[in-house]
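Enquirer: Residue numbers (the working numbering): 26 to 616. The C-beta atom is built at its ideal place from N, Cα and C for all residues, glycine as well. So that we are looking at the same thing, I have put the structure below in C-alpha cells.
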Amino acid sequence: MQHINLFQHANEISKSFTSILQEDKALDSAYSDNRAEIENKYRQKLAELDSRKTQRISAASSKNQSAQTNIQDALNALAEAEAKVPVKYKKKYRPTSLTPKLPDFQALDDLATKINDGSFSGVVKRLTGIGGYSSMMDMVNDYLDHIEAGRMYLRGEQQKSSSYLAQEKAAADAEYAREKAAADQKKSSLMSQNDQVYDQAGSALQNKLLAAIDDPALVQYDTDLADALEQLGAFDETWGSYEPSLSYPDQLMIGAITVPFTIPSPADQMIQEKMPVAFSSGRGFCVPMTVNMAKPLQLLINYDDRCKTEVMEGIQSIILKWVRFMPPYSFTLTYIDPNDRGSNLGQLQKLEEITTWDICKKVYASREDITKRLKELEKFVDATCSRLAGIGSAYDYNLSNEPVIVQHLVVINDFPEKMDRAAEEALDVLINNAAKCGISMIFTKKGNLSELPSAVQNTFLRINASVNGHTIPLEGKMYDFQFDGVCLACETFIDGVKAIYNEGFKVDNSFANFFSNTTFNGYRESTQALLIPFAVDSRKRLVELELGGALTAHALLSGSTGSGKSTTLHMLISRVDSSTLLSSILTCEGM
26 MQHINLFQHA
36 NEISKSFTSI
46 LQEDKALDSA
56 YSDNRAEIEN
66 KYRQKLAELD
76 SRKTQRISAA
86 SSKNQSAQTN
96 IQDALNALAE
106 AEAKVPVKYK
116 KKYRPTSLTP
126 KLPDFQALDD
136 LATKINDGSF
146 SGVVKRLTGI
156 GGYSSMMDMV
166 NDYLDHIEAG
176 RMYLRGEQQK
186 SSSYLAQEKA
196 AADAEYAREK
206 AAADQKKSSL
216 MSQNDQVYDQ
226 AGSALQNKLL
236 AAIDDPALVQ
246 YDTDLADALE
256 QLGAFDETWG
266 SYEPSLSYPD
276 QLMIGAITVP
286 FTIPSPADQM
296 IQEKMPVAFS
306 SGRGFCVPMT
316 VNMAKPLQLL
326 INYDDRCKTE
336 VMEGIQSIIL
346 KWVRFMPPYS
356 FTLTYIDPND
366 RGSNLGQLQK
376 LEEITTWDIC
386 KKVYASREDI
396 TKRLKELEKF
406 VDATCSRLAG
416 IGSAYDYNLS
426 NEPVIVQHLV
436 VINDFPEKMD
446 RAAEEALDVL
456 INNAAKCGIS
466 MIFTKKGNLS
476 ELPSAVQNTF
486 LRINASVNGH
496 TIPLEGKMYD
506 FQFDGVCLAC
516 ETFIDGVKAI
526 YNEGFKVDNS
536 FANFFSNTTF
546 NGYRESTQAL
556 LIPFAVDSRK
566 RLVELELGGA
576 LTAHALLSGS
586 TGSGKSTTLH
596 MLISRVDSST
606 LLSSILTCEG
616 M
C-alpha cells in the first residue's frame, strides 16, 4: 500500500543507523558493566579485608578479655588468701626481695592453714621449727611474699595481654592498609584499561557514524523522496493549474508515514542537513503513503471528534489528487455526508457546478437520497459485471478498451447515520464487488467499529486518528501517519478543473504529434496482418484497423460516389449467415 521503494530504502537507512546506535548502546552497556564489575570486586575485596581485620582484632580482644578475666580471678583469689592472715600480723609484714611468680594456691592454702592453726600441736611445731618455720612471723612473711609475688606476676601478665591486643590491632590495621593499597592500585589499573577500550571503540564507532551520515544514499533518498512527492502532488507549488491526465496513475498519495528513527544531537542535525525533506520532523524518515491504483482504494478512518477537521481535510486532499491524476470523464465522486451535509468538502463543493460531467453531482445527506444513490451504484455494479465478460477487473478493461468503465470514489462519513436496510443491502453489493468494478471507498467512523460491515472492519486499510497522533498498521507494525493537507492553491486549481470540463476537452491529434515530417512512415511490418492507422482516441492512443489478421476475412468495397456501395453493403449485411462474423468492411469513396 505504500511507496514500496522509498519505504524499503527508508527502513534500510533506519536499520543501518539503528545498528550503529545499538552498537553504541552495547558499548556503553559493556563499559558500565565493566565499571560496575570492577567496583563490585573492589568492594568485595574491601569487605574481605575488613572482615579479616575484624576477625583478627576480635580474636585478639576475645583472648585478651579471657586472659584479663582469669588474671582478675587469680587476683581476687590472692586477695581472699591475704584476708586469711590476721590483721595484727599484716602490720608487722616486711616484704623481702620479690620475684614475680605464678601463685601456687595449694601451697598458699596449706600455709594459711598452718598460720591459722592455734592448736597446741601447731604452736609446738612453730616453736620447734618443724615445717621449715621457726616463728609465726616467718610464716606470715613468706605467705605474704608469695601473695605479692603472685600479684606482681599477674599484673605483668595483664600488661602482656594488653600489649598483645594493641600489637594485634596495629598488625591488623597495617595488613588492611597494605592489602587495600594493592586493591586500589588494581582497581585503578582495570578502570584505566576499561576507559582505554571504551575510548578506542567509541572513536571507531564515531567514525562509522560519520561515514553513515556521509553516505550518498541519504542525499539520494531525499532527492528521490522530493521527486516522488512532487509527482504525487504533495507540494503546493505543483498545483498551479489543472492539466488533464491522459493515463491512469500507478499510485495515489493519501498521506505520509514516518519510519521511526531517533538519533542524539548533533548527529540528528547533521542528518537533517543531508535530508531536509525526509528528516524534517527529526523523529523519523518520511515515506509517502500511496495506494496502488490497479486496485480500488479501501480506507477506514476511525477518528476522535477533536481531530475531525484534520481528517476531513485529509479526505479532501485524497479527492483532489483523484481529480488531478485520473483521466477526465473516467471517474465520479459520491459523497455521503448525513451530519455535515457537505461542509466537509470545502472548495470541492464547486465540482457540483460542472455541467458536462457528474464528477460530484451532489452531496447525499438525506436518508432517501443516500438510499437512491447506493441503489444507482448497485445497478452500475450489475451492468459492469456483465460488461466485463471474463475480464479480471475494470482497471484491466480500461487499459485496452473504449469507452472506459467509469471509476467511482465513494466517501461515507459517520457510518451508519441515515442508512436504512435497503441502503445497507446496496452497500454490501458495492463492497463485495468493489475490486472487480473499480469502486474505491472511504469510510469514516467515530468510536464503535462493530456497526461497520465485517468486510470493512477486516479488510479495509485502517487509520486511527486522534489528537495524540494518527497511526496506521503496515506489515505487522504500527507507524505514525499524517494526512496530506489541502493545498493552498486548491481553489485556483478547482476553478481550472471547472473551466476545462465546462469548456470541453480538445485532443491535439495533429499529424506532427504522431508522425515525423522528415522521415517516411509508409513502411510497416505486414507478414501477419495489415495495420492501417486512421484515428487518435481521447487518450492520444493511435487507433488502427487490422486486415488479414486472426479475425475472419475482410473485404474492400470501392467505387465512385453513387455507384451503389452502401446498397451493396446493406444487402450483404442483411443476407450474411449468423455464424459468420464480418469483422470490418472498408469503403473508400472515389475508388
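1) With DSSP run on the structure shown, which of helix, strand or coil describes K70?
2) Could you name the residues of the same chain whose beta carbon sits closer than 8 Å to that of T121, not counting the 5 residues immediately before and after it, in chain order?
3) What ranges does the alpha helix (DSSP H) occupy inside the stretch 472–501, keeping only unbroken runs of at least 4 residues that lie completely in it?
4) In the structure shown, what three-state DSSP assignment does M337 receive?
5) Note down, in chain order, each residue of its chain lying with its Cβ closer than 6 Å to the Cβ of S418, except the 5 sequence neighbours on either side.
6) Please confirm whether I172 and P111 have their CB atoms less than 9 Å apart.
7) By the three-class DSSP mapping on this structure, what secondary structure does G367 have?
8) State the DSSP-derived secondary structure class of D362, mapped to helix, strand or coil.
9) Just the Cα atoms here: how many angstroms apart are S76 and A202?
10) Should V454 and V406 be called a contact, given that it needs their Cβ atoms to be closer than 9 Å?
11) Could you tell me which residues DSSP puts in a beta bridge with D505?
12) Who are the Cβ neighbours of D383 in its own chain at under 8 Å, not counting the five residues just before and after it?
13) Taking the straight line between their C-alpha atoms, what separation do you get for T43 and D509?
14) Tell me where the beta strand (DSSP E) around S465 begins and ends.
15) Under 6 Å Cβ to Cβ from E399, same chain only, skipping five residues before and after it: list those, please.
16) So for L277, helix, strand or coil by DSSP?
17) Using a beta-carbon distance below 9 Å, is D252 in contact with chain B?
18) Tell me the start and end of each unbroken alpha helix (DSSP H) in the stretch 406–472 that is at least 4 residues and wholly inside, in chain order.
19) Tell me the residue span of the alpha helix (DSSP H) that contains P313.
20) Would you call the stretch 336–353 and the stretch 293–312 in contact, with 3 or more CB pairs under 8 Å?
21) Pick out whichever of E64, E516 and R176 has its Cα sitting closest to the Cα of K126.
22) Relative to the C-alpha of N493, which candidate in F506, F485 and T484 has its C-alpha closest?
23) Give me whichever residues DSSP pairs with F42 in a beta bridge.
24) Thinking C-beta only, is K386 closer than 9 Å to E393?
25) Which full runs of the alpha helix (DSSP H) of 4+ residues lie inside the stretch 87–169, going along the chain?
26) Less than 9 Å separating the beta-carbons of I519 and V436?
27) With a threshold of 8 Å, are at least 3 pairs of Cβ atoms found where one atom belongs to the stretch 219–232 and the other to the stretch 87–96?
28) Can you check whether the CB of K471 is closer than 9 Å to the CB of D365?
29) Could you give the C-beta distance for W347 and A514, rounded to a whole number, given that I count them as a contact under 8 Å?
30) Out of L325, K150, D198 and T248, which one is the CA nearest neighbour of F304?
31) Relative to the C-alpha of E335, which residue among A85, H495, L103 and P241 is closest?
32) Mind checking which residues open and close the alpha helix (DSSP H) that includes I519?
33) With 16 as the cutoff for other CB atoms within 10 Å, does T577 come out buried or exposed?
34) Report yes if the CB atom of R68 is closer than 9 Å to the CB atom of I326, and no otherwise.
35) Do N438 and T484 have their CB atoms nearer than 9 Å?
Expert: Let me lay it out:
1) Translated into the one-based positions of the sequence shown, residue 70 becomes position 45. In the three-state scheme derived from DSSP, where H, G and I count as helix and E and B as strand, K70 is classed as helix.
2) Residue mapping note: residue 121 aligns to position 96 of the sequence shown, counting from 1. Around T121: N166 and D170.
3) Qualifying alpha helix (DSSP H) stretches, in chain order: 479–484.
4) Looking up residue 337 in the sequence shown gives position 312. Reduced to three states, the DSSP call for M337 is helix.
5) Residue 418 sits at position 393 when you count from the first residue of the sequence shown. Within the same chain, S418 has close Cβ partners K461.
6) Numbered from 1 along the sequence shown, position 147 holds the residue referred to as residue 172. Numbered from 1 along the sequence shown, position 86 holds the residue referred to as residue 111. Here I172 is not near P111, since their CB atoms are 9 Å or more apart.
7) Stepping through the sequence shown from its first residue, residue 367 is reached at position 342. The DSSP-derived three-state label of G367 is coil.
8) Locating residue 362 in the sequence shown gives position 337, counting from the first residue. In this structure, D362 counts as coil in the three-state DSSP scheme.
9) On the sequence shown, residue 76 is found 51 positions in, with the first residue counted as 1. On the sequence shown, residue 202 is found 177 positions in, with the first residue counted as 1. Rounded to whole angstroms, S76 to A202 spans 13 Å at the Cα level.
10) Within the sequence shown, residue 454 is the residue found at index 429, counting from 1. Within the sequence shown, residue 406 is the residue found at index 381, counting from 1. By the CB criterion at 9 Å, V454 and V406 fall inside the cutoff.
11) Sequence index remark: in the sequence shown, residue 505 carries index 480 (1-based). D505 pairs with T283 and T496.
12) Indexing the sequence shown from 1 puts residue 383 at position 358. Hits under 8 Å: T357.
13) Position 18 of the sequence shown, counting from 1, holds the residue named residue 43. Position 484 of the sequence shown, counting from 1, holds the residue named residue 509. Straight-line spacing of the CA atoms in T43 and D509 works out to 28 Å.
14) Taking the first residue of the sequence shown as 1, we reach residue 465 at position 440. I464 to K470 is the extent of the beta strand (DSSP E) around S465.
15) Within the sequence shown, numbered from 1, the residue matching residue 399 stands at position 374. The amino acid occupying residue 399 in the given sequence is Leu; Glu does not appear at that position. Contacts found: A448, A451 and L452.
16) Here residue 277 corresponds to residue number 252 of the sequence shown, with the count starting at 1. In the structure shown, L277 adopts extended strand secondary structure according to DSSP, grouped into three states.
17) Protein chains in the displayed structure number just one, and chain B is not present.
18) For the stretch 406–472, whole alpha helix (DSSP H) runs of length 4 or above, ordered along the chain, are 419–423 and 446–462.
19) Locating residue 313 in the sequence shown gives position 288, where the first residue counts as 1. Not the alpha helix (DSSP H): P313 falls in the beta strand (DSSP E), residues G309 to N317.
20) No contact exists between the stretch 336–353 and the stretch 293–312.
21) Numbered from 1 along the sequence shown, position 101 holds the residue referred to as residue 126. Checking every option, the nearest Cα to that of K126 belongs to R176.
22) Residue mapping note: residue 493 aligns to position 468 of the sequence shown, counting from 1. For the options F506, F485 and T484, the alpha carbon positioned closest to that of N493 is the one of F506.
23) Position 17 of the sequence shown, counted from the start, is the residue given in the question as residue 42. DSSP output for F42 lists no bridge partner at all.
24) Within the sequence shown, the letter at position 368 stands for residue 393. Within the sequence shown, the letter at position 361 stands for residue 386. The answer is no: Cβ separation not under 9 Å.
25) Entirely contained in the stretch 87–169, the alpha helix (DSSP H) runs reaching 4 residues are, in chain order, 112–115, 130–140 and 145–153.
26) Here residue 519 is taken as the residue at index 494 of the sequence shown, counted from 1. Here residue 436 is taken as the residue at index 411 of the sequence shown, counted from 1. For I519 and V436, no; Cβs fall outside 9 Å.
27) Verdict: no, contact absent.
28) Along the sequence shown, one-based indexing puts residue 365 at 340. Along the sequence shown, one-based indexing puts residue 471 at 446. Cβ atoms of D365 and K471: not closer than 9 Å.
29) Mapped onto the sequence shown, residue 347 falls at position 322. Mapped onto the sequence shown, residue 514 falls at position 489. Contact flag wrong, Cβ pair sits at about 17 Å.
30) As a working note, residue 304 is residue 279 in the sequence shown. The residue with the shortest Cα to Cα distance from F304 is T248.
31) For this step, residue 335 is matched to residue 310 along the sequence shown. Relative to E335, the option among A85, H495, L103 and P241 whose CA is nearest is H495.
32) Looking up residue 519 in the sequence shown gives position 494. In the DSSP annotation of this structure, the continuous segment of the alpha helix (DSSP H) that includes I519 starts and ends at C515 to E528.
33) What you label residue 577 is simply residue 552 of the sequence shown in a count that begins at 1. Caution applies to T577, whose pLDDT of 46 falls short of 50 and renders its modelled position unreliable; the model cannot decide the point.
34) Within the sequence shown, residue 68 is the residue found at index 43, counting from 1. Within the sequence shown, residue 326 is the residue found at index 301, counting from 1. No, these two residues do not count as a Cβ contact at 9 Å.
35) Translated into positions along the sequence shown, residue 438 becomes position 413. Translated into positions along the sequence shown, residue 484 becomes position 459. Their beta carbons are not under 9 Å apart, which means N438 does not touch T484 by this criterion.
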